[in-house]
Every structure is written in C-alpha cells, then in structure tokens.
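Presented below is the structure to which this report refers.
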Amino acid sequence: YQDAGKIIDQFPNEYGPVAKEIKQFVESYPTEIEPYYVAGKEALKDKLHTSNGFHRFLNRFVRSPYFQNLALSEERAIAEKIAVQRIDLSRPETSTGMTQGFPGFLNLILDWRIRTAKQMGGIFVKNSILDYHQVLISDFEKMQFMKIDMLSHLKQRIMDSDAAKAEERSRGNRVPVRRDDQYLWSFNGEFWNDEIGDYVFALESECGK
92 YQDAGKIIDQ
102 FPNEYGPVAK
112 EIKQFVESYP
122 TEIEPYYVAG
132 KEALKDKLHT
142 SNGFHRFLNR
152 FVRSPYFQNL
162 ALSEERAIAE
172 KIAVQRIDLS
182 RPETSTGMTQ
192 GFPGFLNLIL
202 DWRIRTAKQM
212 GGIFVKNSIL
222 DYHQVLISDF
232 EKMQFMKIDM
242 LSHLKQRIMD
252 SDAAKAEERS
262 RGNRVPVRRD
272 DQYLWSFNGE
282 FWNDEIGDYV
292 FALESECGK
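So the sequence shown is numbered by my numbering: it starts at 92 and just counts up by one.
Laid out in structure tokens, this is it:
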C-alpha cells in the first residue's frame with residue numbers, strides 16, 4: 092500500500108502537465124491537419140528518451156512503421172522534386188520552369204505525393220493523440236479510484252486499531268461466565284491481588300485540603 096500510494100501521488104505530477112499541453116494543442120488546431128504532421132515529425136527527429144514530455148507522448152505512435160514510412164515518402168518526394176528542378180535548369184534551351192512539359196508533369200505528381208503524405212500522416216497523428224489522450228484521462232480517473240480505495244483501507248486500519256484498543260480497555264468490565272461447578276459472588280468492594288490490574292478506582296483528590 093505504501094508503494095501504491097507513492098505511485099498515485101507521482102502520477103498527476105508527471106503526466107498532468109503533458110495532459111494539459113495535449114489539450115491546448117488539440118484546441119489550437121481543431122480542423123487543421125498539417126500541424127499534427129509537423130509535430131509528429133519533430134518528435135520523430137527528437138531523441139527517444141527526450142526530456143520533452145509532449146514528444147515522449149507522441150513517441151508512443153509516431154515511431155510506428157506506418158508514420159515513419161509516410162515521413163520517408165515525403166522526404167524522398169522532396170528530394171526527387173529538387174533533382175527534377177536541377178535537370179530542368181541545366182538545359183536553358185528546353186527549360187519550362189517546372190510548369191510545362193514532362194518536368195511540369197513530374198512536379199504535379201511529386202506535389203501530390205507530398206500533400207498525401209502530410210495529410211495521411213497528420214490524420215494518423217491527430218487520431219492517435221485523441222485516442223491516447225482519452226486513455227490518459229481514463230488513467231487519471233483510475234488513480235482517483237485507487238486513492239479512494241487507499242483512504243478506505245487506511246480508515247479501516249485505524250478503525251480496527253481503535254476497536255482493538257477499546258476491546259483491551261473493556262477487558263475488566265466483562266461479565267464472567269460461571270461454570271456449573273463454580274459460585275458467582277457479587278462484588279462488595281473486595282478484590283483479589285491478581286485482579287488489581289482489572290479495576291480502575293476514581294479517587295477524590297486530597298490536594299488543597
């Protein structure tokens with residue numbers, strides 16, 4: 092119970108700021124998709140065990156093969172676009188400025204690949220953020236239930252301890268059980284030596300008299 096109590100106390104301190112940052116990020120981009128893709132790529136470029144709590148949260152899904160392939164596809168499309176542009180510029184007599192002819196056609200295809208990678212990656216990151224954020228909120232609720240259970244357990248221990256003490260204090264007030272071969276004498280002020288510890292006498296103070 093002590094170890095569980097430590098975890099319950101540490102959980103909101105560790106994940107509370109991250110949950111707030113995620114909520115603010117989602118509220119800042121309710122309809123946009125590209126910011127989610129950009130955030131995913133930034134987390135992917137960061138260290139796996141980064142100190143950035145938001146990136147650690149994104150690492151749960153941006154390092155999946157699906158998102159990494161989308162990011163790689165975008166990078167390759169950008170590299171191909173630069174290569175086509177260089178070839179087009181290397182022949183001034185036939186250069187179209189990437190707007191006409193075969194270079195222009197390749198430019199349209201590559202732009203489509205880049206937009207598709209960003210859109211699909213952004214949708215994936217946004218949906219994953221919403222799903223994992225819901226799991227995080229559920230974990231906070233579970234921690235609250237566990238905390239209530241811990242407090243209930245602690246309360247029960249205190250009550251059991253108090254009941255045991257009360258039972259011990261009331262030992263001298265018990266009514267004795269008489270067997271058939273025993274006599275039961277009424278108390279008339281007398282006591283046996285071995286019973287002194289079972290009686291409490293209220294003596295009047297003689298101080299000041």
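Beta carbons: idealized from backbone N, C-alpha and C, even for Gly.
Predicted model only: the values in this text are computed from it and were never measured.
Using only CA atoms, which one of the options lies nearest to residue i?
i, options, result
"THR197", "VAL117, ARG270, ILE178", "Here residue 197 is Leu; the residue named in the question, Thr, does not match the sequence. Taking only the C-alpha atoms, the option nearest LEU197 is ILE178."
"ALA134", "HIS146, HIS140, TYR127", "HIS146"
"ASP137", "ASN150, GLN210, GLY213", "ASN150"
"ALA168", "SER181, ILE200, PHE148, SER119", "ILE200"
"TYR223", "ALA110, TYR120, MET211, ALA208", "ALA110"
"SER219", "TYR106, GLU105, GLN93, VAL117", "VAL117"
"LEU221", "GLU105, GLN93, GLU112", "GLU112"
So for residue i, helix, strand or coil by DSSP?
i, result
"TYR128", "helix"
"GLN191", "coil"
"PRO121", "coil"
"ASP179", "helix"
"VAL291", "Bear in mind that a pLDDT of 48 at VAL291, under 50, signals an unreliable position, so the model cannot answer this."
"GLU184", "coil"
"ARG147", "helix"
"GLY107", "helix"
"VAL226", "helix"
"LEU139", "coil"
"PHE152", "coil"
"ASP271", "coil"
Are the beta-carbon atoms of residue i and residue j separated by less than 8 Å?
i, j, result
"ALA162", "LYS132", "yes"
"GLU165", "ILE205", "yes"
"PRO103", "GLY144", "no"
"GLY212", "PHE148", "no"
"VAL153", "VAL216", "yes"
Say yes only if the C-beta of residue i is nearer than 7 Å to one or more non-hydrogen atoms of the ligand NAD, and no if none qualify.
i, result
"ASN198", "Annotation note on the ligand NAD: not contained in the displayed structure, which lists no ligands."
Touch test, the segment 167–182 against the segment 220–231, Cβ-Cβ under 8 Å, three pairs minimum: no
Sufficient close CB pairs (3 or more, under 8 Å) joining the segment 109–129 to the segment 188–196: no
contact_flag[the segment 95–108, the segment 232–243] where n(CB pairs < 8 Å) is 3 or more: yes
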